[in-house]
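Under my numbering, the first residue of the sequence shown carries the number 38, and numbering increases by one thereafter. A quick write-up on the structure given underneath.
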Amino acid sequence: MRHFLAVPALSLALAAACGETMSQEEKNKQVFLDGCKETIEKRLKAPSTVQYVDVTFVGVSSEPIDMEWAQQKLDELAESDRVGDGVEAVNLEFAIEDLQAGRPATKDTYAAFISYDAENGFGAPIRMVSTCQLDTYNKFVANMGAERVDGKTHTDWLIDGMQELRRNSD
38 MRHFLAVPAL
48 SLALAAACGE
58 TMSQEEKNKQ
68 VFLDGCKETI
78 EKRLKAPSTV
88 QYVDVTFVGV
98 SSEPIDMEWA
108 QQKLDELAES
118 DRVGDGVEAV
128 NLEFAIEDLQ
138 AGRPATKDTY
148 AAFISYDAEN
158 GFGAPIRMVS
168 TCQLDTYNKF
178 VANMGAERVD
188 GKTHTDWLID
198 GMQELRRNSD
């Protein structure tokens with residue numbers, strides 16, 4: 038689990054060493070984008086060949102939430118078997134605690150488009166564009182594998198691949 042935090046921690050350490058001070062928003066953006074890249078690289082046949090062509094951070098949209106919406110969303114997430122939904126549910130529980138304490142809470146969606154070149158399993162160059170999204174609450178961003186690249190967390194992508202193999206082997 039330590040390696041999940043290594044890339045974002047290194048990015049933040051380098052910024053601090055260079056005398057740069059990053060706002061919390063910039064730190065969140067960097068952790069989000071590093072998590073997206075890490076997820077992309079886990080899916081590649083030759084991750085050492087990746088070259089990022091363009092990383093476009095679309096932004097963060099935030100909406101206030103209330104207790105009724107939060108509880109309904111938590112119930113929906115509890116019925117899901119997707120790992121990313123489980124991580125989102127844990128973050129939502131913290132937002133619910135804030136609401137119960139009389140503090141405001143928000144649902145935040147981070148989004149980016151990432152264009153990259155890499156080699157496929159045959160060594161041929163490919164260019165891909167992926168979307169990356171993170172749904173979180175109260176702007177809590179940590180590299181926990183909850184980033185959805187092309188709609189799926191890395192773990193959900195692996196599970197889908199195993200299920201597909203099983204279906205094809207029957």
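Glycine included, every Cβ here is placed at the ideal spot set by N, Cα and C. Source: prediction; values computed, not measured.
Quiz item: When burial is assigned at 16 or more other CB atoms within 10 Å of the CB, is N65 buried or exposed?
Solution: Locating residue 65 in the sequence shown gives position 28, where the first residue counts as 1. Taking a 10 Å sphere around the C-beta of N65, we find 16 or more other C-beta atoms and assign the residue as buried.
Quiz item: Just curious, the alpha helix (DSSP H) that A115 is in, first and last residue?
Solution: The residue labelled residue 115 in the question sits at position 78 within the sequence shown. Residues M104 to A115.
Self-check item: Distance, D103 Cα to A83 Cα
Solution: As a first step, residue 83 must be located in the sequence shown, where it is residue number 46. As a first step, residue 103 must be located in the sequence shown, where it is residue number 66. Distance between the alpha carbons of A83 and D103 is about 45 Å.
Practice problem: Within the same chain, show all residues whose beta-carbon is closer than 8 Å to that of G158, passing over the 5 residues directly before and after it, in chain order. | Solution: What you label residue 158 is simply residue 121 of the sequence shown in a count that begins at 1. K82 and A83.
Self-check item: Secondary structure of S206, DSSP reduced to three states
Solution: Position 169 of the sequence shown, counting from 1, holds the residue named residue 206. Reduced to three states, the DSSP call for S206 is helix.
Practice problem: Can you tell me which of the three DSSP states T192 falls into? | Solution: Start at 1 with the first residue of the sequence shown, and residue 192 comes out as number 155. Helix.
Quiz prompt | Delimiting residues of the alpha helix (DSSP H) encompassing L81 | solution = Working through the sequence shown from its first residue, we reach residue 81 at position 44. Counting along the chain, L81 falls outside any alpha helix (DSSP H), and DSSP gives it neither H nor E.
Practice problem: Less than 8 Å between the CB atoms is what I'm expecting for A107 and A132, so what's the real figure, rounded? | Solution: One-based indexing of the sequence shown puts residue 107 at position 70. One-based indexing of the sequence shown puts residue 132 at position 95. Indeed they touch by this definition, with Cβ atoms about 6 Å apart.
Quiz item: What are the partner residues of Q170, as DSSP defines its beta bridges?
Solution: Against the sequence shown, residue 170 aligns to sequence position 133. Residue pairing by DSSP places Q170 opposite A148 and R185 in a beta bridge.
Quiz item: Are T86 and A161 close, meaning C-beta to C-beta below 8 Å?
Solution: Position 49 of the sequence shown, counted from the start, is the residue given in the question as residue 86. Position 124 of the sequence shown, counted from the start, is the residue given in the question as residue 161. Cβ distance not < 8 Å, so T86 and A161 don't count as in contact.
Quiz item: Is it right to say K189 is buried, meaning 16 or more other beta carbons lie within 10 angstroms of its own, or is it exposed?
Solution: The sequence position of residue 189 within the sequence shown is 152, counting from 1. By the neighbour-count rule (16 or more Cβ atoms within 10 Å), K189 is buried.
Quiz prompt | Spatial neighbours of A148 in its chain, beta-carbon cut-off 6 Å, leaving aside the 5 residues before and after | solution = Along the sequence shown, read from residue 1 onward, the residue named residue 148 stands at position 111. Cβ neighbours of A148 beyond the five flanking positions: V95 and Q170.
Quiz item: Any idea which residues DSSP pairs G96 with across the strands?
Solution: Position 59 of the sequence shown, counted from the start, is the residue given in the question as residue 96. Per DSSP, A148.
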